[in-house]
Amino acid sequence: MGAEETGLFGPDSVTWRVHSDPVLFLGGLRALFLQALHPLAMAGVAQHSQFQADPWGRLIRTAEYVGTVTYGSLSQAQAIGAVVRRAHRGLTGVEPETGQSYRVTDPELLLWVHNCEVDSFLDTARRSGMRLRPDEADAYLAEQVRAARLVGVPEAMVPDSVAALADYFARMRPVIRCTAAARRTARFLLFPPMPTPVQLFTPARPAWAALAALSYSLLPDWARRGYGLTGLPGTELTATALARSLRLVLMALPTSLRQGPHYRAAQARIASVCDRTA
15 MGAEETGLFG
25 PDSVTWRVHS
35 DPVLFLGGLR
45 ALFLQALHPL
55 AMAGVAQHSQ
65 FQADPWGRLI
75 RTAEYVGTVT
85 YGSLSQAQAI
95 GAVVRRAHRG
105 LTGVEPETGQ
115 SYRVTDPELL
125 LWVHNCEVDS
135 FLDTARRSGM
145 RLRPDEADAY
155 LAEQVRAARL
165 VGVPEAMVPD
175 SVAALADYFA
185 RMRPVIRCTA
195 AARRTARFLL
205 FPPMPTPVQL
215 FTPARPAWAA
225 LAALSYSLLP
235 DWARRGYGLT
245 GLPGTELTAT
255 ALARSLRLVL
265 MALPTSLRQG
275 PHYRAAQARI
285 ASVCDRTA
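When we follow this note's numbering, the leftmost residue of the sequence shown carries the number 15, and every step to the right adds one.
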């Protein structure tokens, strides 16, 4: 079977294993909280995205991107990566609190977004109970270098191991700051707009708030300090226990409910190729 059918990673990759886990959405929300702490990256989102005007559409498009890059064919992954690069091209701005200018295509900013994402996916998976050996965690980050290249980050810049990723975040701690835009985003993630009937007649509002609060609690202590809300003693242990409990519940669901459409489409595509070559 060729690279076109298996895509960037393939069914035997650690990426497929991590990204197919039902708690991945917790990692996605954690990544958004973390990404917002970089003033220039946050300014780019605030000034050039539709996140505030169309939050649910933005989240759906982000999930579509991750799903296509993870499970799509090679040409599908490359095509959606090209769409993102075109969307970023020429976008510039000024971070209002410091007056510092930025380019959305700056590899350093793209690297921050990438590293927040992969750190959040990996950390959430492991803390919620997925058994990954240290070498498998390193393999996941090495695989994800391909995803970073897809949006324009030079390979040499991308951490490809747990130790390298930890070193990166240690270097970035003096950079992070909770700007007004970051605080608005955090509030938005915790309490997004919902149609009135949904708020009044369904448990969507408290359920979302609980999941978003859990995602926030899964942040590393230095990131929660960045927001000024570290939580009570034992926050990390409590968040880990809750994430494990949630994963146990989700893993008890039927496979058809746990597997996303991109994963099922990839399985069908690869099975079709195997049938033709059998």
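Beta carbons: idealized from backbone N, C-alpha and C, even for Gly.
Ranked by Cα distance from serine 175, the options Arg147, Ala285, Val80, Arg219 are led by Arg147. Taking the Cα positions, tyrosine 241 is about 17 Å away from alanine 223. Under the three-state reduction of DSSP output, serine 63 falls in the coil class, being neither helix nor strand.
Contact between the region 210-225 and the region 84-96 is not established, with fewer than three Cβ pairs separated by less than 8 Å.
In this structure, Pro36 is the residue among Ser115, Pro36, Leu232 with its C-alpha nearest to the C-alpha of leucine 267.
Counting along the chain, no alpha helix (DSSP H) covers arginine 191, and no H or E run does either. With the rule of 3 Cβ pairs closer than 8 Å, the region 26-40 does not count as touching the region 162-175. If you draw a 10 Å sphere on the C-beta of arginine 187, you find fewer than 16 other C-beta atoms in it, and that means exposed. Counting only residues of its own chain and dropping the five nearest sequence neighbours on each side, glycine 143 has a CB closer than 8 Å to the CB of Ala257, Arg258, Arg261, Leu262.
Between the alpha carbons of tyrosine 154 and aspartate 235 lies a gap of roughly 23 Å. Using a C-beta cut-off of 8 Å, the region 194-210 makes contact with the region 50-64, since at least three inter-stretch Cβ pairs fall below that distance. The three-state reading of DSSP puts threonine 138 in helix, counting H, G and I together. Spanning the alpha carbons of arginine 31 and alanine 96 requires a straight line of approximately 25 Å. Around the CB of glutamine 114, fewer than 16 other CB atoms lie within 10 Å, so the residue is classed as exposed. If you check the CB distance, arginine 44 and leucine 233 come in under 9 Å. A distance below 7 Å between beta-carbons, with the five flanking residues on each side excluded, links cysteine 130 to the following residues of its chain, in chain order: Ala45, Leu48, Gln49.
Glutamine 158: not part of any beta strand (DSSP E); member of the alpha helix (DSSP H) spanning 148-164, first to last residue.
Annotation: the continuous beta strand (DSSP E) that includes valine 108 extends over 106-109. When secondary structure is reduced to three states using DSSP, glutamine 281 falls in the helix class. Shown here, glutamine 90 sits in a helix according to DSSP, grouped into three states. In the displayed model, serine 270 falls within a helix according to three-state DSSP. The beta carbon of threonine 106 sits closer than 6 Å to the beta carbons of Arg117 from its chain, once the five residues preceding and following it are set aside; these are given in chain order. DSSP, reduced to helix, strand and coil, places serine 115 within a strand of the structure shown.
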